[in-house]
Every structure is written in C-alpha cells, then in structure tokens.
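**Q** Chains as they are written, first to last, in the numbering used here: chain U, 26 to 257; chain E, 26 to 257; chain B, 26 to 257; chain S, 26 to 257.
Ideal Cβ positions, reconstructed from N, Cα and C, are used throughout, including at glycine.
Keep in mind it's a predicted model, so treat the numbers as computed, not measured.
Here it is, the structure, as structure tokens.
There are 4 protein chains.
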Amino acid sequence: METYSLSRRAVAEALGTGLLVATVVGSGVMAETLTKDTALALLGNTLPTGAILVVLITILSPISGAHFNPAVTLVFALKREMSARDGVCYVGAQIVGGVLGTIVAHAMFALPLLEASTKVRTGGGQWLAEGVATFGLVATIVAGIRFQRTAVPWLVGLYITAAYWFTASTSFANPAVAISRAFTNTFSGIRPTDLPGFIIAELCGALVGMALIGWLLRADETKPQLAQEAIL
Amino acid sequence: METYSLSRRAVAEALGTGLLVATVVGSGVMAETLTKDTALALLGNTLPTGAILVVLITILSPISGAHFNPAVTLVFALKREMSARDGVCYVGAQIVGGVLGTIVAHAMFALPLLEASTKVRTGGGQWLAEGVATFGLVATIVAGIRFQRTAVPWLVGLYITAAYWFTASTSFANPAVAISRAFTNTFSGIRPTDLPGFIIAELCGALVGMALIGWLLRADETKPQLAQEAIL
Amino acid sequence: METYSLSRRAVAEALGTGLLVATVVGSGVMAETLTKDTALALLGNTLPTGAILVVLITILSPISGAHFNPAVTLVFALKREMSARDGVCYVGAQIVGGVLGTIVAHAMFALPLLEASTKVRTGGGQWLAEGVATFGLVATIVAGIRFQRTAVPWLVGLYITAAYWFTASTSFANPAVAISRAFTNTFSGIRPTDLPGFIIAELCGALVGMALIGWLLRADETKPQLAQEAIL
Amino acid sequence: METYSLSRRAVAEALGTGLLVATVVGSGVMAETLTKDTALALLGNTLPTGAILVVLITILSPISGAHFNPAVTLVFALKREMSARDGVCYVGAQIVGGVLGTIVAHAMFALPLLEASTKVRTGGGQWLAEGVATFGLVATIVAGIRFQRTAVPWLVGLYITAAYWFTASTSFANPAVAISRAFTNTFSGIRPTDLPGFIIAELCGALVGMALIGWLLRADETKPQLAQEAIL
C-alpha cells in the first residue's frame with residue numbers, strides 16, 4: 026500500500042471535487058442551453074455526473090480515498106478511519122476545489138466567473154429528499170467498501186444517477202458541492218440562503234445512514250454475538 | 026462466509042425493496058413533472074431503476090440475498106435454498122418495505138402519503154407481458170448465479186432496463202413492488218383491482234422460468250446424467 | 026468445463042435470439058407509441074437492445090456460446106471451432122427463435138401475431154452500413170474473446186448501442202434478426218424484399234472482419250513470424 | 026506479453042481512430058436527421074461515442090496501446106514509453122484512419138465523401154474547454170493505467186461521455202479526430218480555420234495534465250523519495 030502526503034491528498038480532494046462540480050455546473054449549462062424540455066435537461070445533467078464520478082473515484086481514491094464530500098469525510102472521521110486534522114484539511118480542500126470548479130465551468134461557457142444563484146430550493150420535501158439522498162449515499166459507500174471495494178466507484182456513480190431522479194431535490198447530497206452550486210445562477214444552482222437547510226439535512230442523513238448500515242453489517246458468526254444482538 | 030440474523034436479513038429486504046420502490050415512484054413523479062413526452066418520462070423512470078438495482082443488490086445481497094421480490098423468494102424456497110419460515114418473513118418485509126418506499130417518495134415530493142392509483146393496467150397483453158418479464162428475470166438470476174455470481178447485480182439492473190421497454194406492461198415483475206405501486210396515483214401506479222392479474226402472471230412466469238432454466242442448466246458431463254435427463 | 030447436449034445448446038440459441046428479437050421489436054413498438062420524436066424512439070430502441078445483449082450473452086454463452094446470429098456462427102464454423110452440422114442447427118434455432126420473439130412481442134402489445142413489414146431499407150448506403158456494422162461486430166467478438174473473454178457480453182452490448190446510431194441502417198448486423206424483423210410492420214421492421222441485400226452485406230462484412238482481425242491478431246513473438254508477415 | 030509489428034500497430038491505430046471518427050460523425054448525422062432538439066441530438070452523439078471507446082480500447086489496446094489520439098501519443102513519447110519514430114507513425118496512422126472514418130460515415134449516409142465544415146468553433150471559452158477536456162483525458166489515462174489498468178477502456182468511455190456535456194466545446198480532446206471532423210459539414214464538424222486553436226489547446230491541456238498527475242502520483246513511501254520530490 027502506497028501512502029501519499031497530506032498535500033497530495035488535499036490536492037486530490039480539491040481536483041476531484043473541482044472536476045465533479047465543473048461537470049455538474051457545466052453540463053447543466055450545456056443542457057439548458059440546448060433544450061426547452063426540463064426532463065431532457067436533467068438527463069443531460071445526470072449522465073455526465075454519474076459518469077465522471079466513476080472516473081474520478083477510480084483514479085483518485087488510491088491517493089486520497091476520493092471523498093469529495095464533507096459528509097463522507099465526517100463519516101470516516103467518526104469511524105476513526107482518519108484524524109480530525111486530516112478531516113478539516115479535506116473539507117477545506119473540497120470547498121476550495123468545488124468553487125474553483127464552478128469558476129472553470131463559467132469560464133468555459135463565457136459566463137461571469139461567480140454569481141449568486143436565485144434558484145429557490147427549500148421546504149420540508151426538499152430537506153427530506155436531501156436527507157434520504159445522503160443516507161443512501163453513505164449506505165452505498167460504507168457497505169460497498171465492506172463487500173466489494175473495487176465496485177465502489179461504479180456504485181457511487183450509479184447511486185447518484187438514480188438519486189438525481191428519485192429525490193425531489195435532485196440529490197445534492199454533498200455540502201461542498203452545494204456551496205459551490207450557490208455561486209452559479211444556472212440550471213444546477215441553489216440560492217445561498219437555502220444552503221443551511223440542505224447542509225443540515227445532508228449531515229443528518231449521513232449520520233442515520235452510518236448508524237443503520239453499521240447495525241446491518243454486524244454479522245452474526247458466533248452465538249455470543251447473537252446474544253449481543255438481542256440487547257440491541 | 027458470514028451469516029446474518031433473520032432480523033437483519035428482513036431489515037435488508039425491507040430497506041432494499043423500500044429504496045427500489047422509492048426510486049420507481051419518485052423518478053416517475055419527477056419525470057412526469059418535467060416533461061410532456063411520455064417516452065422521455067419512461068426513460069427518466071427506467072435509468073434510475075436500473076441503476077439503483079445494481080447498487081442495492083451489490084450492497085445488500087451479502088446480507089439477505091437481495092431478493093426484494095416475492096417471486097424470487099418463492100423460487101429460492103422451491104429450490105430449497107431457504108426455509109418456508111424465512112420465505113414468509115422475507116415476503117412480509119418486502120411488502121412492508123415497499124409500501125414505506127411509496128410513502129417516502131410521496132413525502133419527498135409533498136404528495137399525500139398514500140393514495141389509490143386509478144391507472145388501468147389489465148388485459149391479456151399486459152398479463153402475458155408480466156409473465157414474460159418475470160420469466161426473464163428469474164432466468165437471469167438463476168443462470169447468473171450459476172455462471173457469474175458477481176455479475177448478478179449488473180445483470181438484473183440491465184435486464185429491468187430492457188424489460189421496461191420491451192414488455193407492454195413496463196415490467197413490474199415483482200408482486201411486492203406491484204402492491205406498493207397501487208398506493209401511488211402517479212406515473213408508475215397501478216389500479217388496486219388490477220393487482221391480482223399482475224401477481225398471478227408474475228408467479229406463473231417465475232415458475233416457467235425456473236423450470237426452463239433448470240432444464241437448460243443441467244450440463245451433460247457424464248453418461249449417467251444423460252440417462253437421468255431422459256427420465257425428465 | 027461443462028458440456029451441453031446439442032438440444033440444450035439449440036434451445037439456448039433459440040431462447041437468446043427470441044428474447045433479443047422480442048426486445049428489439051417490443052421496445053420499438055413501445056417507443057413509437059410513446060413519442061413523436063424519432064431520435065427519442067431510436068434511443069428507446071437502442072438502450073434496451075444493448076442492455077439485453079449483455080444479459081443474454083452472459084447467461085447463455087456458457088451453454089451455447091451465445092451466437093444468436095448466423096453471421097457469427099458462420100465465422101466460428103469457418104474458424105473450425107464448431108462442426109458444420111452444429112452450425113446448421115444453430116442457424117435453424119436462431120431463425121425459429123427469432124420469429125417466435127416477434128410473435129411474443131406482438132402478442133404482448135396486442136398486435137397481429139405476424140405481419141409483413143412495409144419499411145423500405147435498401148440502397149448502397151444501407152448495404153455499406155450493414156457491412157460495416159457486421160464487420161465491427163465480428164471484430165469485437167473475435168478480438169474480445171482473444172484478449173478479455175469475460176468482457177465480451179459488455180463489448181457486444183456496447184458495440185450494438187453505438188452501431189444503432191453510427192450506421193445508416195441502425196445496424197441489424199444479424200441475418201436471423203433481420204428475417205424476424207421482416208415479420209413486424211412497426212418501428213424496427215424491414216420489407217421482406219429488402220432482406221437479401223441486408224443478409225448478403227452482413228455476411229460480406231463478417232468475412233472481411235474475420236480476415237482483417239485474423240491478420241491483426243497474429244502476434245510477432247519470434248523472428249520467423251516477422252518474416253512470414255513480410256509475405257502477407 | 027505478445028508484441029506486434031509496427032505495421033500491425035499502425036493499422037490498429039488507424040482502424041481504431043477510423044471507427045471512432047465514423048461513430049462521432051455518423052451518430053451526429055443520424056441524430057440531427059431524426060430530431061430538432063439539440064440536446065437530444067447531442068445525447069445521440071454522446072452515448073455511441075462513449076460506448077465505442079470502451080469497445081475499441083478493449084480490443085485494440087493489447088496490440089497498439091489504443092491511443093487513437095496524437096495528444097496521448099505525445100504524452101507516452103515524452104514519458105519515454107515509446108520511441109519518437111513509432112510516435113510519428115502512430116500520429117500519421119491516426120490522421121489517415123480518422124479521415125477514412127469520415128469518408129466511411131459519409132458513404133453510409135449517402136453524403137459527399139468529403140466536405141469542408143462551416144461550423145464555427147473558436148474563442149477563449151472553447152479553447153479553455155479543449156484544454157480542460159484534454160487535461161482530464163490525460164489524467165484519466167495516466168492515473169487509470171497506474172491504478173487499475175483493466176478499467177481504462179471504461180474510464181475513457183465514461184470520461185468522454187461526461188466531457189461531451191461539461192465542456193463548452195463538446196470535448197474533441199483529440200487533434201486527429203479534430204482534423205477528421207473538419208471534413209464533415211454536419212453536426213460534429215469544425216471549420217478548418219478553427220483547427221489550430223483547438224489543437225494547440227489540446228496539446229497544452231495534455232502537457233498540464235501529464236505534469237499535475239505526474240506530481241500527484243508520486244507516492245511518499247520513503248524519506249529519500251520525498252527528498253527527490255523537493256528537487257522537482
């Protein structure tokens with residue numbers, strides 16, 4: 026197993042989150058420019074996002090773990106699989122990288138480099154959707170790593186492909202990406218004032234996912250464990 | 026090989042069926058909200074369903090086998106790969122989980138939590154379609170487990186992706202999902218009175234699939250086996 | 026390695042070709058029923074076909090090799106990897122299975138079980154397209170088996186997904202499927218009188234593909250081989 | 026490890042680039058013929074391109090490495106993984122093969138065999154987009170080969186699927202393909218006078234990608250390596 030310095034891991038997190046956000050924002054601009062059908066625009070936003078996730082997680086997870094997501098970093102820190110210090114660096118890199126991704130997308134499409142979104146995304150349904158979306162993402166990652174580590178890039182790409190459509194919020198499921206999307210007034214944007222609701226819902230969903238999957242994955246190989254389970 | 030308690034396996038079945046139904050119902054609502062083109066809406070219903078199946082089967086099959094479907098549980102029980110008691114628990118968990126999935130989807134999209142569908146799905150063509158759909162699903166699962174177990178999540182996801190389009194019924198192929206879809210009056214719903222026809226057709230298709238694939242898979246390595254085959 | 030009796034292998038070829046044709050014809054009917062946009066209809070025809078090919082080849086190739094296609098069977102017979110007798114049985118099973126697939130698709134969609142197509146598909150561009158399509162299919166299969174056998178179901182599914190769009194004929198690339206599609210007067214049909222042109226073009230493409238890939242795959246491990254190459 | 030003569034490797038590069046270009050050009054013609062919705066046309070251009078890349082790289086990389094792209098060949102030559110002489114042959118084969126691909130696509134669709142595109146693709150946003158697109162492609166290939174060689178065909182196919190949408194230029198990311206697309210006055214064309222800007226941007230993106238990923242991939246297993254790094 027190779028190890029990488031924190032500086033390399035942080036750059037990997039920034040690069041991955043940046044390319045992810047550039048894909049979300051850029052494909053949203055491309056899609057809404059080319060069609061008036063919103064379902065088709067969402068499809069043109071979904072497929073690139075799912076595809077790039079498979080790529081980015083495959084090529085960067087050997088370096089940094091390829092979180093690209095403060096909610097995921099929080100779960101790994103709580104599971105004591107990374108230090109608090111590294112976790113803080115990761116989250117910082119994700120946010121910086123994500124905002125740079127928005128800037129690059131805007132520059133490619135000749136838009137103002139940063140703008141505040143006016144897209145309203147709020148209310149109980151949206152918050153529940155973000156909670157469900159992040160719950161499922163964390164379940165996918167934690168169980169995927171446990172049972173079939175090499176499939177995780179595919180599982181995350183496919184999960185997000187589905188979650189774009191089955192959640193009412195199109196599944197941000199990622200506080201760093203949400204913050205980065207507040208700076209684009211295009212298809213994929215979110216009004217800055219709606220960020221706190223999204224981020225809180227995402228973190229709650231992540232914690233519930235971590236708890237439920239943690240319970241589910243406790244295999245019962247021996248009788249004593251079965252006894253333990255009864256206590257739960 | 027790890028083993029999991031029946032309670033964990035039942036929760037896995039409920040969780041998997043619930044997320045599957047939430048995806049079918051939720052993506053149907055999203056799709057019909059965003060477009061007037063029904064083919065595009067079906068595509069927006071198909072891709073998330075196929076994608077989430079790959080994810081759910083990969084992460085939950087090591088725990089419960091990831092049936093999420095009473096027709097599949099019936100096949101495994103008839104093949105004596107699980108006890109009747111466990112089979113009954115599985116089917117109960119699938120139905121409860123599925124209906125919860127409908128409720129969660131409705132809550133995310135701010136719809137009444139449960140409503141009866143008015144969508145007519147009946148007639149010989151539809152029943153044949155459900156029979157063919159479940160026949161193919163069972164053939165895919167049984168032969169897939171035999172020849173390439175790790176590919177089964179992909180095979181099921183791809184099979185359902187195809188069956189959404191090539192069957193006249195959009196391939197429910199699952200009694201628990203059919204029941205759950207009777208409680209949504211949206212794109213993916215089915216009128217409760219049409220359930221019996223669908224469920225009977227699905228179970229018949231499953232049994233035919235089990236029989237035909239059972240015959241096909243009997244390899245002829247030795248003469249005695251060939252003799253045995255003649256008796257059948 | 027298990028071996029299967031010729032009767033089982035023929036049933037596998039018939040079943041596979043039948044489900045393939047049912048998918049092509051059925052998804053074509055579904056698509057043209059749901060939308061007026063022909064590109065969207067073709068997409069609704071393409072994705073199910075690509076997906077079912079991955080499934081059918083994975084689950085049936087251990088039994089029969091999963092040709093489902095007389096052009097492919099011809100290549101294997103010419104390469105002396107199967108006997109002429111078996112080849113004839115395979116082709117017969119493929120055609121019978123394919124036509125049954127059309128019948129099942131029609132029955133599901135409550136159409137007349139068999140009808141003659143009136144869809145004109147003829148001319149030099151179409152024939153070249155079928156030649157190119159089958160050339161590429163044979164190259165994919167022969168080189169895929171050589172370099173990464175387990176990936177072949179995916180390669181064929183992806184190749185056909187692409188060929189639906191990049192060839193002017195939407196890539197039939199399969200004489201048995203072409204014959205079966207002459208019996209449906211729907212989206213995927215072909216006028217019976219246009220069959221000979223398609224079939225001849227497909228067989229020519231297959232032979233060219235076999236020859237070119239045969240040459241390409243001859244590795245040059247030793248000097249004498251290099252000398253041989255100069256002669257070619 | 027088998028080795029192939031330079032003539033076979035050059036034919037593999039020409040064949041692969043030719044089929045890639047035939048797919049890009051042909052599916053573009055098919056798509057714009059079938060729909061008036063530009064997003065749908067782009068989707069009908071994207072999916073076949075991504076799919077054929079997986080196929081072509083899988084079946085031809087054991088022969089030639091499956092570059093199909095002068096920017097990729099440049100990177101391998103700079104990394105001293107191939108000789109300059111072979112690199113020049115590769116680039117020549119890619120350009121000749123690519124233009125033949127345009128000719129074949131035109132012949133299939135009964136268009137003039139070669140025509141000059143009038144499609145304007147120029148300006149800072151487009152150039153930045155080509156730079157970003159090729160940067161990401163090189164990062165995907167170099168890191169993919171390092172961490173999961175067998176996944177590279179999939180990674181490239183998925184990367185291009187995403188890049189079609191998230192870059193403002195629809196991601197040519199390939200000088201040989203760009204030159205070939207200058208000869209078609211259809212959906213995927215590019216005005217010949219716009220070629221230099223695209224090609225320069227692609228080569229710059231490739232070099233930046235090679236440098237950044239080169240730095241990222243340097244694992245820090247031992248102190249001496251860290252010292253070496255400081256020198257760079």
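#1: Is there a Cβ from chain S that is less than 8 Å from the Cβ of T175/B?
#2: Distance check for V181/B and V21/B, CA to CA, integer angstroms please.
#3: Just the Cα atoms here: how many angstroms apart are Q173/B and L45/E?
#4: Just verifying my parser: in three-state terms, what is the DSSP assignment at L251/U?
#5: Between E140/E and the rest of its own chain, which residues show a CB-CB distance below 7 Å, the 5 nearest in sequence each way excluded?
#6: Between G122/E and T28/E, is the Cβ-Cβ spacing less than 8 Å?
#7: Should M235/E and L153/E be called a contact, given that it needs their Cβ atoms to be closer than 8 Å?
#8: Out of R216/S, I238/S, W240/S, L232/S, which one is the CA nearest neighbour of T143/S?
#9: If I'm right that P178/E touches P95/E with Cβ under 8 Å, what's the distance once you round it to whole angstroms?
#10: Which bits of chain U does S52/E rub up against, with CB to CB less than 8 Å?
#11: Is DSSP giving G214/E helix, strand or coil here?
#12: I need the DSSP call for L139/B, collapsed to helix, strand or coil.
#13: Sorted by chain position, which residues of the same chain lie with C-beta nearer than 8 Å to V233/U's C-beta, five sequence neighbours on each side aside?
#14: Using a Cβ cut-off of 9 Å, pull out every chain S residue sitting near D62/B, in sequence order please.
#15: Does any C-beta atom of chain E lie closer than 8 Å to the C-beta of G69/U?
#16: Beta-carbon within less than 6 Å of R206/U's beta-carbon, same chain only, minus the 5 sequence neighbours each way: which residues are those?
#17: Could you pull out every residue in the same chain whose Cβ sits closer than 6 Å to the Cβ of A47/S, ignoring the five residues on either side in sequence?
#18: Check whether the Cβ atoms of L242/U and A135/U sit closer than 8 Å, and answer yes or no.
#19: Applying the criterion that 16 or more other CB atoms from any shown protein chain within 10 Å of the CB defines a buried residue, is T218/E buried or exposed?
#20: Name the two residues that bound the continuous alpha helix (DSSP H) containing Y29/E.
#21: Check for me: the alpha helix (DSSP H) holding E155/E runs from which residue to which?
#22: Please report how far the alpha carbon of V264/S lies from the alpha carbon of F197/S, in whole angstroms.
#23: Using the C-alpha atoms, what's the distance from Q119/S back to H39/S?
#24: With respect to the alpha helix (DSSP H) encompassing T127/S, which residues constitute its N-terminal and C-terminal limits?
#25: Please tell me whether A187/U and I77/E are closer than 8 Å, where the distance is taken between their beta carbons.
#26: For the alpha helix (DSSP H) that contains S89/E, what are its first and last residues?
#27: So is P221/E buried or exposed if we call it buried at 16+ other beta carbons inside 10 Å?
#28: Rounded to whole angstroms, what is the Cα-Cα separation between G148/E and M133/B?
#29: Closer than 8 Å between beta carbons: that is the criterion. Which residues of the segment 130-147 of chain B meet it against chain E?
#30: Counting along the chain, where does the alpha helix (DSSP H) carrying A96/E start and finish?
#31: Measure the C-alpha to C-alpha separation of A35/B and G90/B and round it to an integer number of angstroms.
#32: Using a Cβ-Cβ cutoff of less than 8 Å, which residues in the same chain neighbour T98/U once the five nearest sequence positions on both sides are dropped?
#33: Less than 8 Å between the CB atoms is what I'm expecting for W240/S and S52/U, so what's the real figure, rounded?
#34: For the alpha helix (DSSP H) containing T195/S, name the first residue and the last one.
#35: Along the alpha helix (DSSP H) that carries L237/S, what are the first and last residues, could you check?
#36: Do A64/S and L65/U have their beta-carbon atoms positioned less than 8 Å apart in this structure?
**A** This is what the structure gives:
#1: no
#2: Any question about residue 21/B goes unanswered here, given that chain B covers just 26 to 257.
#3: 33 Å
#4: Interpretation of L251/U is limited by its pLDDT of 46, a score under 50 that renders its predicted location unreliable; the figure taken from the coordinates is listed afterwards. L251/U: helix per DSSP, three-state reduction.
#5: F208, T209, N210
#6: no
#7: no
#8: R216/S
#9: About 19 Å separates the two Cβ atoms, so there is no contact after all.
#10: A187, W190, F191
#11: coil
#12: coil
#13: G156, F160
#14: L59, T60, K61, D62, L65
#15: no
#16: S213, G214, I215
#17: G126, V129, A130
#18: no
#19: exposed
#20: Element bounds for Y29/E: n/a, residue is neither H nor E.
#21: 149-172
#22: Lying outside 26 to 257, the shown extent of chain S, residue 264/S is not represented and no answer is given.
#23: A small correction: the amino acid at residue 39/S is Ala; His does not occupy that position in the sequence shown. Each residue's alpha carbon lies about 5 Å from the other.
#24: 109-133
#25: yes
#26: 63-89
#27: exposed
#28: 10 Å
#29: A130, A132, M133, F134, A135
#30: 95-103
#31: 10 Å
#32: H92, M107, G112, Y115, V116, Q119
#33: 28 Å between Cβ atoms; not a contact.
#34: First-last for T195/S: undefined, no H or E at that position.
#35: 220-241
#36: yes
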